[in-house]
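Trainee: I am attaching a structure below and will ask some questions about it afterwards.
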Amino acid sequence: MTVVNDTPPRQALDRALAALEWTLVESGRVELDAGRLIEHSDGPAGFVFVTTGLATLWVDDGDGIDIAAGDLVIVPRVHRYRLRAQTRTSAVRVNMVPTVDGRTAADTLPSAMTVRRFSHHEPQVIALIEDMSAGCGPNGSVRLGDSVICSRSGTMVVSVAIRRWFELGCAEAGWLRQVQDPHISRAVDELHRDLGRSWTVDDLARVAAMSRSGFAVRFRDLLGQPPVAYLAAARIDAAKRMLKHGDVTVTEVSHRLGYGSDAGFSRAFQRHEGVSPTRWRAARRASGAHAV
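Start counting the sequence shown at 1; every next residue gets the next number (full-length UniProt numbering).
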């Protein structure tokens, strides 16, 4: 999905990580012989870090995830899971729950987030995981304050892993915006699902379950422009994709994107791109032919 003039990624990621806090339930090391399977129907959120061996992890109804030594998988919500060792495997399993303030942010994450070679990319946090492998929580704590310290360590590990997951390009487009404001994100997603609709600010505010004035202010703060300007730019982006990659006519593009006439579409396109849609497509096709 196209996002126009979004919040700078560094600032947005900082806000997302600040919103994600976790409380430790328990942690410990899991040792599995080759072929052994463990499963839980209501496993808590948390992460699994493989220290040696090779295993396959299934989360809810998703495909199996092969994980090797050094890999880390974050599971941000209560889930069903199965872990089967392909070879003799040692892993650290850390169970946590998001804090009350962090639940909304956690709900924006996918059901499983795999960070390959985490130990290679982030060696500075492996010591924290190793400390947690000795056991934290009601049955594992051996020193006063362990549960608090382990909660903070777990939050640190997950924050670093999410940053790496984001840097590797695994996050869906718009994820950071969802974390910052799920109401605005819902409206933007609906807008992109139906760019041809005659959207008004009132329509979008209703989708966001916000007042019109509050929605307009928050939208501009988050996306850097008013809703009407955002819609216009999103339509032009969609038009360019259609013109570049398809055989649709200008009239078809105009109709699909909700313009009242070809002339109105051409004027809007020229304001954004400096040329008419017909000339823009011809130039792109000519440049492609020269490249061949």
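Built from N, CA and C at the ideal position, the CB exists for glycine as well.
This structure is a prediction, so every number in the text was calculated from the model and none was measured.
Kindly indicate which three-state DSSP category Ala-187 falls into: helix, strand or coil?
Mentor: Note: Ala-187 maps to helix in three-state DSSP.
Trainee: Taking the alpha-carbon positions, what's the residue 324 to Gly-43 distance?
Mentor: No statement about residue 324 is possible, as the shown extent of the chain runs from 1 to 292 and does not include it.
Trainee: Within its chain, find whatever has a CB closer than 7 Å to the CB of Pro-227; leave out the 5 residues flanking it on each side and keep chain order.
Mentor: Val-201, Leu-204, Ala-216, Phe-219
Trainee: Pull up the DSSP beta-bridge partners for Arg-82, would you.
Mentor: Glu-39, Trp-58
Trainee: Count the other C-beta atoms from every protein chain shown that fall within 10 angstroms of the C-beta of Ala-291, then say buried if there are 16 or more, exposed otherwise.
Mentor: Residue confidence for Ala-291 is low, a pLDDT of 43 falling below 50, so the modelled location carries little weight; the figure read from the coordinates is stated next. Its Cβ having fewer than 16 others within 10 Å, Ala-291 is exposed.
Trainee: Using the rule of at least 16 other Cβ atoms within 10 Å of the residue's Cβ for burial, across every protein chain shown, is Arg-93 buried or exposed?
Mentor: Per the 10 Å Cβ criterion, buried.
Trainee: May I have the straight-line CA-CA distance separating residue 293 from Arg-279, to the nearest angstrom?
Mentor: Outside the modelled stretch of the chain, which goes from 1 to 292, sits residue 293, for which no answer is possible.
Trainee: Tell me which same chain residues have a C-beta within less than 7 Å of the C-beta of Val-248, skipping the five on either side of it?
Mentor: Met-242
Trainee: Evaluate Leu-244 with the Cβ neighbour count: other Cβ atoms within 10 Å of its Cβ, from every protein chain shown; 16 or more gives buried, anything less gives exposed.
Mentor: Correcting the residue identity first, residue 244 is Lys in this sequence and not Leu. The residue is exposed, with fewer than 16 neighbouring Cβ atoms inside 10 Å.
Trainee: Hey, Leu-32 and Ala-55 are a contact pair by Cβ (cut 8 Å); roughly how many whole angstroms apart?
Mentor: 7 Å
Trainee: Starting from the Cα of Asp-48, find the closest Cα among Gly-35, Asp-63, Glu-26, Arg-36 and give me that residue.
Mentor: For the record, residue 48 in the displayed sequence is Val; it is not Asp. If we check each option's Cα against that of Val-48, Glu-26 comes out closest.
Trainee: Quick check on the burial criterion: 16 or more other C-beta atoms within 10 angstroms. Buried or exposed for Glu-172?
Mentor: With fewer than 16 other Cβ atoms within 10 Å, it is exposed.
Trainee: From Ser-111 to Tyr-81, what distance separates their C-alpha atoms?
Mentor: Roughly 11 Å between the two C-alpha positions.
Trainee: Any chance the region 185-198 sits against the region 150-163, with 3 or more Cβ pairs inside 8 Å?
Mentor: no
Trainee: Among the candidates His-79, Ala-69, Thr-52, Gly-145, whose CA atom is the shortest distance from the CA of Gly-62?
Mentor: His-79
Trainee: Starting from Ala-105, trace the beta strand (DSSP E) in both directions and tell me its first and last residue.
Mentor: Where Ala-105 is concerned, there is no enclosing beta strand (DSSP E), although the alpha helix (DSSP H) it sits in stretches over 103-107.
Trainee: Determine the DSSP secondary structure at Leu-223, reduced to helix, strand or coil.
Mentor: helix
Trainee: Give me the Cα-Cα distance between Glu-252 and Arg-186, rounded to the nearest whole angstrom.
Mentor: 27 Å
Trainee: Looking at Ile-129 and Val-157, is the spacing between their C-beta atoms short of 8 Å?
Mentor: Against a cut-off of 8 Å, the Cβ pair of Ile-129 and Val-157 comes out as a contact.
Trainee: Just confirm the distance between the C-beta atoms of Val-275 and Asp-262, as a whole number of angstroms; I'd bet it's less than 8 Å.
Mentor: Val-275 to Asp-262, Cβ: 15 Å. No contact.
Trainee: How many Å lie between Ser-213 and Asp-181 at the Cα?
Mentor: 16 Å
Trainee: List the DSSP bridge partners of Trp-22.
Mentor: In DSSP, Trp-22 forms a bridge with Pro-98.
Trainee: What is the DSSP secondary structure of Cys-170, reduced to helix, strand or coil?
Mentor: Cys-170 falls in the coil class under three-state DSSP.
Trainee: What does residue 293 pair with, by DSSP beta-bridge criteria?
Mentor: Because the chain here runs from 1 to 292, residue 293 falls outside it and cannot be looked at.
Trainee: Could you tell me which residues DSSP puts in a beta bridge with Met-113?
Mentor: In DSSP, Met-113 forms a bridge with Ile-74.
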